[in-house]
Structure formats: structure tokens, C-alpha cells
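Enquirer: The structure under discussion is supplied below as C-alpha cells; questions concerning it will follow.
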Amino acid sequence: MRAAILCCVDSPKWSPPNSTNDLWRTALLREEDKFTLFSEGAEGEGSEGTGIVRYGSLAAVRLPWIARLQQLLPQYLSAGVRLVGCCFGHQLLSQALGGRVGKNPSGRFVLGLERIHVDEAAARAVGLDFRAALEQATQDRQQQEGGQQEGGQQAEAAAFSADKQEQRERHEQGGQQQLEQRERRREQQGSGLDLRLLESHGDQVLELPPGAQLLAWSDTAAHEMWALPGGAALAFQFHPELTPGLVYDKIWGTLACNGRLDAAEAAEAEAQLQRGPAGVDSAAFLRALDAFLRSPLPAAAAGVAGTAAAAAAASAAAEAAVASAAVGVNAVAGVRAALEERLADAAECVRGHARAAAAAGLAASTASPELLTSLNREAAAAYGGAADAAEAAAAGTRVAAATQQQPLQAALASLTSLEQQLDRLAAVVGALESEAEAVEEEVAAAQAAGQQQQLQQQKQGAGAGVVGGVRA
1 MRAAILCCVD SPKWSPPNST NDLWRTALLR EEDKFTLFSE GAEGEGSEGT
51 GIVRYGSLAA VRLPWIARLQ QLLPQYLSAG VRLVGCCFGH QLLSQALGGR
101 VGKNPSGRFV LGLERIHVDE AAARAVGLDF RAALEQATQD RQQQEGGQQE
151 GGQQAEAAAF SADKQEQRER HEQGGQQQLE QRERRREQQG SGLDLRLLES
201 HGDQVLELPP GAQLLAWSDT AAHEMWALPG GAALAFQFHP ELTPGLVYDK
251 IWGTLACNGR LDAAEAAEAE AQLQRGPAGV DSAAFLRALD AFLRSPLPAA
301 AAGVAGTAAA AAAASAAAEA AVASAAVGVN AVAGVRAALE ERLADAAECV
351 RGHARAAAAA GLAASTASPE LLTSLNREAA AAYGGAADAA EAAAAGTRVA
401 AATQQQPLQA ALASLTSLEQ QLDRLAAVVG ALESEAEAVE EEVAAAQAAG
451 QQQQLQQQKQ GAGAGVVGGV RA
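In C-alpha cells:
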């Protein structure tokens, strides 16, 4: 098996021999395997059938440097690389494929041994046989304890007892109905099983990615484990690679001191962790995970993974295009608001000048042309600025939309909004032009009135001269 481990932990306390590389090599590595370690943000080359295991982190998936990793993960899926995410990797992979991550709904940090409820049928459908792994892990433990023979005898006796019970029920009145009830109980019991695994997280997956299948949940997390159809990707919140001793030594003390765990939570977690590995199903989970990683990835699963990756990429691109369009719309709206403000100021200025010109008579004949020239220049500048801003915004939206392989409805819808804004700008400029025409008419009327007043004054002056001459 070829596997790449993407490590996002840089804390000195997780240095060798307890580093990400050491823990996962111990959990999964065989002599013929090739493991490659990459640090946070590194780009590794994957190939068909390669497994990439993402490990936990002190960071949260909302930090800026994670954006590049989120872009890489869909690319790996498109290339046919099987992905596995653990804890932080679980959250990152979910968010990269369209899910949602946030703080634990309880508001509390989860640390300790958690009972994980597994949908056994869904897990088997993607290649995870936890029941067989549990049985094998039990046999291994019994062998290590020298109790393999006793365990086999007990299993044989239990099987014999069950067979005898079924034989008796077949010969009893109504035995067939009892057998059917027994089969239904077996189906119900076989649809799920519980695993006890170690948890350490303040965030979790709140919504699964589109198309993901829920495999497990717990009382503290609704999405403990999920997979893409066919097993193209697998992600889980818990830590099968850790031991209770490591969690107690490396994590518990810090959380108990910094207040992330209150006194009662710290005491409960301490009691669980100090019991040791007894009752922890990490070995069974790792056995099932090992078989999962070494199984071939079905061609159909690779297709589903590619579709999911393309959908995630298209979604991100659509969001970028819509954002670009929104910037353009906002720019146009700003120009429109400025133009409307200028229009109101200009109109008031025109009315004031017109009133003053009319009162001054012929003085309007010199003030009005200058005012109209200024008004036309103001309107042309405002309209030109608005047109340039609108064109730039539309061009940005068209460029963003042209880079997409699929139509971006949200971005295209924004173009309609831009057209509406331009129509409104045209109406505003039209109103400004109408105001200018009205001023021209008002000035012309004032000029005509002034000229008529001059003629009357001239006539009156002439009449007064004649009368004076007669009297003289």
C-alpha cells in the first residue's frame, strides 16, 4: 500500500516517538508499504489507489491557511485517490466537499471515551466490516492472555446451545412463528453495533457533504463518521491511533488547567483515561480501517468522488463569481446614489440661479449660458463615471462566469440587477436633461420679458420729452 500522511500538528509535545507519522505507521504500516509524510499545506503527488490520512490539529478549519488544503482535497478525489480524515481531517474533508463545521453544539470540549453507534449495514456497504474486526480483535486479545482455548470452547458451547434451542422451537407448536421473531431480532441487532473510542475535540461536523453516507453517531456528535459511496473517502471524529495513556499525558492536563474542562468533566475524563486500554475498541477499528485502505477502489466510487470534487469546485467558483458580481452591483449603486445627490444639488442650484436671473432681468442672459454649460458638464461627468463603473462591474462578472464550466445562475442573475441599475441611471440623467431644458425655457422667457420691459421704458421716455417741449 502507498499512503501519504498529511500532518497539521506542530506542537513539540507530539514529536517522535509520538508524532503523527509514528502513530499512524504503528497503526497501519506493513513491511511492503510505503508511507510519505507531508506537513501542513504541503502538496503531495497521489496516484491511483493511494490513501491519504489526515490527522488532528490544534487549529480549527476556519483559519486562513486551511483554504489551500481545502482546494487540494477535491483534486485528490478527482485523481482517484482515496482519502481518510481523522478528527481535524474529518472536519476539513467535510468542509472541502460542501459540509458545514462549527463548535460543539453543547459548547463544551469533548474528551474521553465515547460510545460510537455504528450503522453496520452502511459501513459494510463501503467496505468496513466492524463486526468481523471486533471478533478478530477479541480472539487476538484472548490469545495474548492465554485464553484462546477457553474462548473457543465458550463460543462452541454457545453455538451448540443456540442450535439446540432452534431444534426444540421447530418441534414445538407455533415454533415457526418464534423462529421468525428470532430472525427479526437478529436483523435488528445486526443493523448496528457500538464501538468505544477516544475523543478529543471542540469542533465537529454539523452538516454532511452532499452525497455523503452517515456511518456512525454518538451522544455528543451527530456525525461521528461518514463516507462517500463506494468508499472513495472516509472521515471520522475519534482517535483510534491514540491510547488512553497518551491522551491523559498529552491532552488532559492542558484542558483541565486552561478551563476547557470544568472540574466534573476533568474528573470523569481522568477516570476513563486511567483505566487503560481495557474496553477501548481502537484495535478493532484499526483492523477494519486497514482492510478498507488495502481494498481496491471501485471504478464507480472513483466516478462519484470525481463528481463530488467537481461539485465542490463549482460551488466555490460560483461563490467567487457571485461575490464579484455583488462588488459590481455595489459599485453601480454607489455611483447611482452619488449621481442622485448631484442631481438634487444641481436642480436646486439651477432653480436658485433662475430666480435670481429673472429678478435681475437682463442679467440672466449672461448667467444662464454659464449655468447651463456647468450643468451639462456635471451631467456628462456623472453619466460617464456611472457608465464606466457599470461596464467594469459587468466585465468582471462576465470574466468570472466565463471561467466556469457550468452556468452560474447566481452570477447571471446579478447581471439582470446590473441592467436594472443602468436603466435607473439613465432615468436619472434623463431627469437632469429635462431640468436643463426647463431652465433654458425659463431663461428665454426672462430674456423676452427683459427686452419687452426695455421697449416700454424707451417709449415712456420718448413721450415725456414731447410733453415737456410743448409746455416750454
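Quick note on numbering: the UniProt record's numbering labels position 419 of the sequence shown as 419, and the sequence is numbered without any gaps. In this text, a Cβ means the ideal position worked out from N, Cα and C, and glycines have one as well.
Is glutamate 199 near valine 110, with beta carbons less than 7 Å apart?
Expert: Against a cut-off of 7 Å, the Cβ pair of valine 110 and glutamate 199 comes out as a contact.
Enquirer: Buried or exposed for valine 118, going by 16 or more other Cβ atoms inside 10 Å?
Expert: By the neighbour-count rule (16 or more Cβ atoms within 10 Å), valine 118 is buried.
Enquirer: What first and last residue would you give for the alpha helix (DSSP H) that runs through glutamate 120?
Expert: It spans 120 to 125 - the alpha helix (DSSP H) in which glutamate 120 sits, taken as one unbroken run.
Enquirer: Quick check on serine 200: does DSSP put it in helix, strand or coil?
Expert: Here serine 200 sits in strand by DSSP.
Enquirer: What do you get for aspartate 219, buried or exposed, if any count of 16 or more other CB atoms within 10 angstroms of its CB means buried?
Expert: Label assigned to aspartate 219: exposed.
Enquirer: From the DSSP output, in three-state form, read off phenylalanine 130 for me.
Expert: Of the three classes helix, strand and coil, the one that applies to phenylalanine 130 here is helix, per DSSP.
Enquirer: Going by other Cβ atoms of all chains shown within 10 Å of its Cβ, with 16 needed for buried, is leucine 455 buried or exposed?
Expert: Flag for leucine 455 reads exposed.
Enquirer: Do proline 244 and glycine 276 count as a contact pair if the criterion is CB distance below 7 Å?
Expert: Yes, the pair counts as a contact, with Cβ atoms nearer than the cut-off.
Enquirer: Closest by CA to serine 295, which one among Cys87, Gly231 and Ala264?
Expert: Measuring from the Cα of serine 295, the nearest candidate turns out to be Gly231.
Enquirer: Would the beta-carbon of arginine 100 fall within 7 Å of that of leucine 206?
Expert: A contact, by the Cβ cut-off of 7 Å.
Enquirer: Tell me which residues share the same chain as arginine 25 and place their Cβ nearer than 7 Å to its Cβ, disregarding the 5 neighbours each side in the sequence.
Expert: Taken in chain order, the residues that qualify are Phe35.
Enquirer: So, with DSSP's three-state summary, where would you put glutamate 442?
Expert: Helix.
Enquirer: Quick check: the Cα distance between glutamine 71 and leucine 93, rounded to an integer number of angstroms?
Expert: Going by the C-alpha atoms only, they are around 10 Å apart.
Enquirer: Below 7 Å between beta carbons: does that hold for glutamine 213 and alanine 121?
Expert: It is not a contact, given that the beta carbons lie outside the stated cut-off.
Enquirer: So if DSSP puts aspartate 194 in a beta bridge, which residue, or which two residues, is it bridged to?
Expert: The partner list for aspartate 194 (beta bridge, DSSP) reads His117.
Enquirer: Could you give the distance in angstroms between the alpha-carbon of valine 439 and the alpha-carbon of alanine 427?
Expert: About 18 Å.
Enquirer: With a 10 Å radius around its C-beta and 16 neighbouring C-beta atoms as the bar for buried, classify glycine 112 as buried or exposed.
Expert: Flag for glycine 112 reads buried.
Enquirer: Which residue's Cα is closest to the Cα of alanine 216: Met225, Leu208 and Pro209?
Expert: Nearest option by C-alpha distance: Met225.
Enquirer: Going by C-alpha to C-alpha distance, which of Ala269, Leu261, Met1 and Leu228 sits closest to tyrosine 248?
Expert: Answer by Cα proximity: Ala269.
Enquirer: Which first and last residues belong to the alpha helix (DSSP H) in which phenylalanine 236 is found?
Expert: Segment 233 to 236 is the beta strand (DSSP E) holding phenylalanine 236; no alpha helix (DSSP H) there.
Enquirer: Taking the C-alpha atoms as reference points, what is the distance between leucine 297 and leucine 37?
Expert: If you take the alpha carbons of leucine 297 and leucine 37, they lie about 22 Å apart.
Enquirer: Find the nearest neighbour of proline 16 within the set Leu246, Gln143 and Leu228, judged by alpha-carbon distance.
Expert: Here the closest residue by C-alpha is Leu246.
Enquirer: Please classify glutamate 207: does DSSP put it in a helix, a strand, or coil?
Expert: Strand.
Enquirer: Cutting at 7 Å between CB atoms, please list the residues of its own chain near glutamine 452, excluding the five before and the five after it.
Expert: Hits under 7 Å: none found.
Enquirer: Below 8 Å on the Cβ atoms is my contact criterion, and I expect phenylalanine 292 with glycine 127 to pass it. Report the Cβ-Cβ distance as a whole number of Å.
Expert: At roughly 5 Å, the Cβ-Cβ gap stays under 8 Å, so phenylalanine 292 and glycine 127 are in contact.
Enquirer: By a C-beta neighbour count over all protein chains shown, 10 Å radius and 16 as the cutoff for buried, is cysteine 86 buried or exposed?
Expert: Buried, since its Cβ has 16 or more Cβ neighbours within 10 Å.
Enquirer: Using DSSP with H/G/I as helix, E/B as strand and the rest coil, what is threonine 243?
Expert: Note: threonine 243 maps to coil in three-state DSSP.
Enquirer: So what does DSSP say about glycine 276, is it helix, strand or coil?
Expert: Correct three-state label for glycine 276: coil.
Enquirer: Expressed to the nearest angstrom, what Euclidean distance is found between the alpha-carbon atoms of isoleucine 251 and alanine 267?
Expert: Each residue's Cα considered, the two are about 14 Å apart.
Enquirer: My output table needs one value for cysteine 86: the three-state DSSP class, helix, strand or coil.
Expert: Strand at cysteine 86.
Enquirer: For lysine 103, which beta-bridge partners are listed by DSSP?
Expert: According to DSSP, lysine 103 bridges with Asp203.
Enquirer: Report all residues from its chain with a CB closer than 8 Å to the CB of aspartate 194; omit the five preceding and five following residues, and keep chain order.
Expert: The residues are Arg115, Ile116, His117 and Val118.
Enquirer: Can you give me the Cβ contacts of glycine 279 inside the same chain, cut-off strictly under 7 Å, excluding the 5 residues immediately before and after it?
Expert: So the list reads Arg196, once near-sequence residues are dropped.
Enquirer: Using the rule of at least 16 other Cβ atoms within 10 Å of the residue's Cβ for burial, across every protein chain shown, is threonine 20 buried or exposed?
Expert: Per the 10 Å Cβ criterion, buried.
Enquirer: Can you tell me the Cβ-Cβ gap for glycine 102 and aspartate 203, rounded? I've got them flagged as a contact below 8 Å.
Expert: Indeed they touch by this definition, with Cβ atoms about 6 Å apart.
Enquirer: Rounding to the nearest angstrom, what Cα-Cα distance links aspartate 262 and leucine 255 in this structure?
Expert: One C-alpha to the other measures close to 9 Å.
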